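Numbering (the numbering used here), first residue to last: 83 to 639.
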Amino acid sequence: MAAANGDACRSVGGVPRPTNPMVTPLLTDLYQFTMAYAYWKAGKHLDRAVFDLYFRKNPFGGEFTIFGGLEECIRFIANFKFTEEEIKFLRSVMPACEDDFFEYLRSIDCSDVEVYAIPEGYAVFPKVPLMRIEGPVAVVQLLETPFLSLVNYASLVTTNAARHRLVAGKSKNLLEFGLRRAQGPDGGISASRYCYMGGFDATSNVAAGRLFGIPIRGTHSHAFVSSFMGLDEITDKTLTSSDGSNTCEDFISLVQNWLIRIQDSSSLHGTFGETSQSELAAFTSYALAFPNSFLALVDTYDVMRSGVPNFCAVALALNDMGYKAVGIRLDSGDLAYLSVEARKFFHAVEKEFVVVGFGKTSITASNDLNEETIDALNKQGHEVDAFGIGTYLVTCYAQAALGCVFKLVEINKQPRIKLSEDVMKVSIPCKKKCYRLYGKEGYPLVDIMTGEDEPGPKIGERLLCRHPFNESKRAYVVPQHVEELLKCYWPGNSSNSREELPSIHEIRTRCIHHLDRMRPDHMRRLNPTPYKVSVSAKLYDFIHFLWLNEAPVGELQ
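Shown next as structure tokens:
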């Protein structure tokens, strides 16, 4: 669970510790330590290695992913150091290892590690390294599991949030309500953080609001409504006007009078009968407590026969006192139909009682929403202004994991390749540079990887882009803009300057901007066009040379 204060959040060298205090050098798989010992035993532990962190396939049946988790990785390596208690524990689980190995572990940090990464919040694509990590092979090997843990879920849920934003549209408010359904406290905290990064507007998670500065939203539940039996339970009936100029001594009577006027109005007469008085009591009580932010859950008993009329009575009483009610929330039933009917009711109230703007009263919908249900609501036609989304969002119900991998691509300046009968699992060797090439219309056309020593693409110069493994897939591109993707976020002992880590609000803005910059057919829900990922002609030739060189030659008997 995330730490809000104390030793867990104190920084080392100006970079704060990881948000979650469980993210320590021990948050890794045992085989990372056994490999580190074997490297050390063989005298290879200081060999200079380069690893790529990337994924092989976009999630949720789509053709894009949003990169998340970079800041936590940088926090982790900035504070990477074994404690005496951790060394003691490792001795107990690895008793066959020599004492000098534990002295080595005691001495290491990440001062000689370099991290180059695509900025957090960018749209990213399969095979292109999200991060390139360079350093002593034993140390970098110890970073593999924590880096994958910090990036996999973060990128998955950020992408899920971005997909919900795309289907909902820019004009709708998206509220993350997933804490109670998330995979534990850390899952809930991480989901709130990365859903906001992916384009959501607010969260119900108070702890996440404090930790990350995310706007928090929430009103009341069905339990609050059903806890009231009648209006006589409300003991303090007074409400001071918004400007403080007068006080209503009996706000309940004002509400009741408005309910009668609504019932007797010509345009609304006969649309409902007696409303639930216990519900009216709950709404009135909540309005007295929060007159500036009154939003009522209207489906405890009956939306159109009770919830909406009761809300309107309280909202009109608040209007008399200079306050503006926020709106209603629908949490069950036919959300498209009910939102349309509620909107008609609000417009009728505005026209009947000449309350300017009442017809635009906000309608929020919840109730196990996901991409598909929002898309269906759009096709049916609805009047929902905000969506509260929980379970399907934070659990990434449609896909359990992203599947990032961490592969060795070079050691001691010697390129390495991982082969497989499944071509998707063949790694792209050597230390690489990565570029995004833009076309005349301003959209990205292709990402291209080149060898580190190759000259980069130039604006206006024709460049051959090749599929890494399929020789028939190739195209010439004349870029109108070239963006180098990998930036230095941890320079180690190199002379490179370090990129500053942006705020969560800046990353959110960056994410929304990148969604806007992508060609629409890459982003659509159904049958999206795959985005092209390529390698230079020189790197293509080298990949296949190394492949043939490393693959054993079979023998027919």
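Note that CB positions come from ideal geometry on N, CA and C, so glycine has one too. Since the model is a prediction, treat every value here as computed from it, not as a measurement.
How about residue i and residue j: do their beta carbons lie closer than 8 Å?
i	j	result
L490	F115	no
L257	F282	yes
G463	A424	no
N401	V437	yes
I148	A284	no
T357	N392	yes
L313	I334	yes
T443	G470	no
I159	C192	yes
I156	V97	yes
D381	D413	yes
P107	L224	yes
P550	Y622	yes
G150	E202	yes
L187	F171	no
D416	V249	no
F372	V396	no
L519	A205	no
V105	G260	no
L370	D318	yes
S579	C570	yes
E145	P610	yes
Shorter than 8 Å from the beta carbon of residue i to some beta carbon of chain C?
i	result
D416	No chain C appears in this structure, which consists of one protein chain only.
Excluding the five sequence neighbours on either side, which residues of its own chain have a C-beta within less than 6 Å of the C-beta of residue i, listed in chain order?
i	result
I215	F133, V197 and V222
V466	S421, I445 and A447
L451	F469 and I471
L232	G151, E154 and C155
D89	Below a pLDDT of 50, predicted positions are generally treated as unreliable, and D89, at 42, falls in that range; the measurement from the model is reported next regardless. Closer than 6 Å at Cβ, skipping near neighbours: no residue.
Q345	none
Could you compute how far the alpha carbon of residue i sits from the alpha carbon of residue j?
i	j	result
A84	G270	Any reading at A84 needs caution, since the residue's pLDDT is 42, under 50, leaving its predicted position unreliable; the model's value is listed next. Roughly 10 Å separates the two Cα atoms.
C330	G472	39 Å
A199	N328	59 Å
L293	S253	27 Å
H429	S349	10 Å
N87	V210	Confidence at N87 is low in this model, with a pLDDT of 39, below 50, so the placement of that residue should be treated as unreliable; the coordinate-derived value is given next. About 37 Å.
L630	T532	20 Å
C91	R138	Caution is warranted here: a pLDDT of 48 is assigned to C91, below 50, making its placement in the model unreliable, and no coordinate value can be reported.
M279	A364	35 Å
L112	L128	20 Å
Y276	N339	46 Å
L398	I594	37 Å
V337	E434	17 Å
P177	P267	34 Å
G295	D504	44 Å
T320	N242	46 Å
G251	Y405	29 Å
What does a CB cutoff of less than 7 Å around residue i pick up in its chain, not counting 5 residues either side in sequence?
i	result
G300	S286
N234	A483, L484 and C486
L628	P497, I499 and P511
T641	A query on residue 641 cannot be resolved here, the shown segment of the chain reaching from 83 to 639 and no further.
Sorted by chain position, which residues of the same chain lie with C-beta nearer than 8 Å to residue i's C-beta, five sequence neighbours on each side aside?
i	result
K515	M531, T532, G533, E534, E536, G538, E566 and L568
P573	E196, S579 and R580
Quiz item: Any chance the region 298-318 sits against the region 603-619, with 3 or more Cβ pairs inside 8 Å?
Solution: Contact between the region 298-318 and the region 603-619 is absent: fewer than three C-beta pairs spanning the two stretches fall below 8 Å.
Exercise. Determine contact between the region 593-605 and the region 536-550, defined as no fewer than three beta-carbon pairs at a distance below 8 Å.
Key: Cβ pair count under 8 Å is below three, so no.
Practice problem: Decide if the region 178-188 is in contact with the region 544-564; the criterion is three or more beta carbon pairs, one per stretch, under 8 Å apart. | Solution: Not touching, per the Cβ criterion.
Quiz prompt | Continuous beta strand (DSSP E) assignments of at least 3 residues falling wholly in the region 211-284 | solution = DSSP runs (the beta strand (DSSP E)) wholly in the region 211-284: 213-218 and 255-258.
Quiz item: Could you give the uninterrupted runs of the alpha helix (DSSP H) lying entirely in the region 453-491, keeping only those of 4 residues or more?
Solution: Counting only runs of 4 or more, we get 453-462 and 473-476.
Quiz item: Mind pulling the alpha helix (DSSP H) runs of 4 or more residues that sit fully within the region 499-583?
Solution: Whole alpha helix (DSSP H) segments, 4+ residues: zero.
Quiz prompt | Those runs of the alpha helix (DSSP H) which lie wholly inside the region 325-361 and span at least 4 residues | solution = Listed in chain order, they are 333-346.
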